[in-house]
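Report on the following structure.
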Amino acid sequence: MDPLTRRAFTRLALAIPSAGSMSLAAAQGASGPSRVLVGYPAGGTLDATARRLADAWRKQGRSYIVDNRPGAAGRMASSQLKRERADGSTLLCTHTSALTIYPHVYSKLMYDAAADFVPISPIAAVDCAFAVSAAVPASVRSLKDYAAWVKQAAGNTSFASPAAGSMAHFLGYQFSEAAGLKLQHVPYRGSAPAMQDLLGGQIPAYFGFVADFVPYLKQGKLRILGVTGSGRSRFMPDVPTFAEQGFAGIRGVETYGVFAPPGTPDAVVKSIYDTVLVASKDEALLAGFEQIGFAPYTLPPQEYARLIQRERDAWKPIVQASGFRSEE
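So the sequence shown is residues -27 to -1, 1 to 301, counted in mature numbering (1 follows the signal peptide of the UniProt record, and there is no 0).
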């Protein structure tokens, strides 16, 4: 190829967008607004996360609408993703435990957690926390205080979680075993009814997420005894971690992430990841996360994939040891 022809070819190549940007632009344009699947009803924290992300994307010229498909603990939406076009026009926003814990819990998962998702990035992270209600004596101020009280008070061995098979459920199991308590798990259908019963004193203890407690921290109707992150939560800095209180093996941080269908080209994945990075700095999104107790959190696609695999491997023996299995 002579120099003149080579220069002309180079100019032409630079003028043509990459295949990834072309397909993503086509998905955003010709077929109308793209979608973000959410496996839970409108109004919950996962839905709020997806909507804040969609709002931030809209400022970048990316038109995504949230498509709520509740059912089967989010598995309906997750299973739908593999049937969508691999061009960036349909994404999924879900909690990462759907790929790390659910494979060990559900006999009818409806998707392959390793093969049916292309991780883009997490968008937010939230610690779990353990709280007791006003029905528990005021002298109980720590995890060890709680363990001693349970051992002395027959009939007070129950703890609630937002759902059977959730991260909170299995963190409660781990604590029960580590403290030698044999606690009885009481699953709820979501955090809202569990929090109402906790605040009302109908249940003595609840394993949930920091975001569940943030609206009630100033009411004095509950005490948070520990958080399960590697460090203290900035939303409740006075609450020590489980590790600080002698339970180093109990750690759990839920992340909320964005996923593409299997087969999505690397260039499209990179393009979407770049928009997530920009969105993660959006002032309105950050303010919304602050309001509900979420911390912004991103990872490159390959690192997110490795995190998911590590977490899936780590939760497997814990779930198996609990003996819990869902036939749903």
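We put the beta carbon where it would ideally sit given N, CA and C, even for glycine.
**Asked** Do residue 234 and residue 8 have their CB atoms nearer than 9 Å?
**Response** For residue 234 and residue 8, no; Cβs fall outside 9 Å.
**Prompt:** Hey, how far is the Cα of residue 90 from the Cα of residue 227?
**Reply:** Note on geometry: alpha-carbon atoms of residue 90 and residue 227 lie some 18 Å from one another.
**Message:** Counting C-beta neighbours from all protein chains within 10 Å, is the total for residue 276 16 or more, i.e. buried, or is it exposed?
**Reply:** Burial call: exposed.
**Asked** Closest to residue 294 by CA distance: which of 11, 149, 36, 240 is it?
**Response** Comparing Cα-Cα distances from residue 294 to each of 11, 149, 36, 240, the minimum goes to 149.
**Message:** Assuming residue 96 and residue 229 are in contact, meaning their beta carbons sit under 8 Å apart, how far apart are those beta carbons, in whole angstroms?
**Reply:** The C-beta distance from residue 96 to residue 229 rounds to 6 Å, short enough to meet the 8 Å contact threshold.
**Prompt:** In chain order, what residues of the same chain have a beta carbon less than 6 Å from the beta carbon of residue 22, not counting five sequence neighbours either side?
**Reply:** Cβ-Cβ distances below 6 Å link residue 22 to 97, 229 in the same chain, with the five nearest sequence neighbours on each side left out; the list follows chain order.
**Item:** CA nearest to the CA of residue 303, picked from 200, 206, 239, 208
**Value:** The first residue shown for the chain is -27 and the last is 301, placing residue 303 beyond what the model contains.
**Item:** Reduced DSSP secondary structure (H/G/I, E/B, other) of residue 227
**Value:** Judged by DSSP in its simplified three-state form, residue 227 adopts strand.
**Limits of the alpha helix (DSSP H) - the one that residue 20 falls within** = 18 to 31 is the extent of the alpha helix (DSSP H) around residue 20.
**Request:** Could you tell me how far apart the beta carbons of residue 274 and residue 242 are, in whole angstroms, since I believe they sit closer than 8 Å?
**Result:** Indeed they touch by this definition, with Cβ atoms about 5 Å apart.
**Asked** Beta carbon of residue 40, beta carbon of residue 11: below 9 Å?
**Response** Yes, the pair counts as a contact, with Cβ atoms nearer than the cut-off.
**Request:** Verify whether the separation of the beta carbon atoms of residue 215 and residue 183 is less than 9 Å.
**Result:** Taking 9 Å as the cut-off, the beta carbon of residue 215 is found no closer than this to the beta carbon of residue 183.
**Exposure label - residue 33; buried when at least 16 CB within 10 Å** = By the neighbour-count rule (16 or more Cβ atoms within 10 Å), residue 33 is not buried but exposed.
**Message:** Rounded to the nearest angstrom, what separates residue 26 and residue 252 at their Cα positions?
**Reply:** If you take the alpha carbons of residue 26 and residue 252, they lie about 7 Å apart.
**Asked** Which two residues bound the contiguous beta strand (DSSP E) that contains residue 96?
**Response** Annotation for residue 96: the continuous beta strand (DSSP E) segment containing it runs 91 to 106.
**Request:** Identify which residue in 92, 20, 63 has its Cα closest to the Cα of residue 231.
**Result:** Sorting 92, 20, 63 by C-alpha distance to the C-alpha of residue 231 places 92 at the top.
**Prompt:** For residue 284, is the classification buried or exposed, using 16 other Cβ atoms within 10 angstroms of its Cβ as the cut-off for buried?
**Reply:** Note on residue 284: 16 or more other CB atoms within 10 angstroms of its CB, so buried under the neighbour-count rule.
**Prompt:** With contact counted as at least three CB pairs below 8 Å, one residue from each stretch, are the region 134 to 145 and the region 170 to 181 in contact?
**Reply:** A contact exists between the region 134 to 145 and the region 170 to 181.
**Request:** Rank 30, 190, 218, 147 by C-alpha distance to the C-alpha of residue 115 and give the top, closest one.
**Result:** Relative to the Cα of residue 115, the nearest Cα in the group 30, 190, 218, 147 belongs to 218.
**Asked** If residue 65 sits next to residue 51, beta carbons under 8 Å apart, how far is it from one beta carbon to the other, in whole angstroms?
**Response** Correct: roughly 6 Å between the Cβ atoms.
**Euclidean distance between Cα positions of residue 151 and residue 212** = Distance from the CA of residue 151 to the CA of residue 212, rounded to the nearest whole angstrom, comes to 20 Å.
**Request:** Out of 270, 263, 169, 14, state which residue places its alpha-carbon closest to the alpha-carbon of residue 44.
**Result:** Of 270, 263, 169, 14, the residue nearest in Cα terms is 14.
**Asked** What is the rounded straight-line gap between the Cα of residue 85 and the Cα of residue 282?
**Response** If you take the alpha carbons of residue 85 and residue 282, they lie about 13 Å apart.
**Item:** residue 250 burial status per 10 Å Cβ neighbour count (16 or more: buried)
**Value:** Per the 10 Å Cβ criterion, exposed.
**Message:** Since residue 195 and residue 189 should fall inside the 8 Å C-beta cutoff, what is the C-beta to C-beta distance between them, to a whole number of angstroms?
**Reply:** About 6 Å; that satisfies the 8 Å criterion.
**Message:** Suppose you measure from the CA of residue 29 to the CA of residue 270; what does that come to, to the nearest Å?
**Reply:** Roughly 15 Å separates the two Cα atoms.
**Request:** Note down the Cα distance separating residue 265 from residue 125, rounded to an integer number of angstroms.
**Result:** Note on geometry: alpha-carbon atoms of residue 265 and residue 125 lie some 36 Å from one another.
**Request:** Tell me residue 158's beta-bridge partners as DSSP assigns them.
**Result:** Residue 158 pairs with 132.
**Message:** Do residue 47 and residue 245 have their beta-carbon atoms positioned less than 9 Å apart in this structure?
**Reply:** Note that the C-beta distance between residue 245 and residue 47 is not below 9 Å.
**Asked** With DSSP run on the structure shown, which of helix, strand or coil describes residue 149?
**Response** Here residue 149 sits in helix by DSSP.
**Message:** Out of 113, 153, 109, 272, which one is the CA nearest neighbour of residue 173?
**Reply:** Looking at the Cα atoms, 109 is the closest of the given residues.
**Runs of alpha helix (DSSP H) wholly within the region 200 to 268 (minimum 4 residues, chain order)** = Whole alpha helix (DSSP H) segments, 4+ residues: 239 to 252, 256 to 265.
**Asked** Comparing alpha-carbon positions, which option in 288, 263, 72 lies nearest residue 99?
**Response** Of all alpha-carbon atoms in 288, 263, 72, the one lying nearest the alpha-carbon of residue 99 is that of 263.
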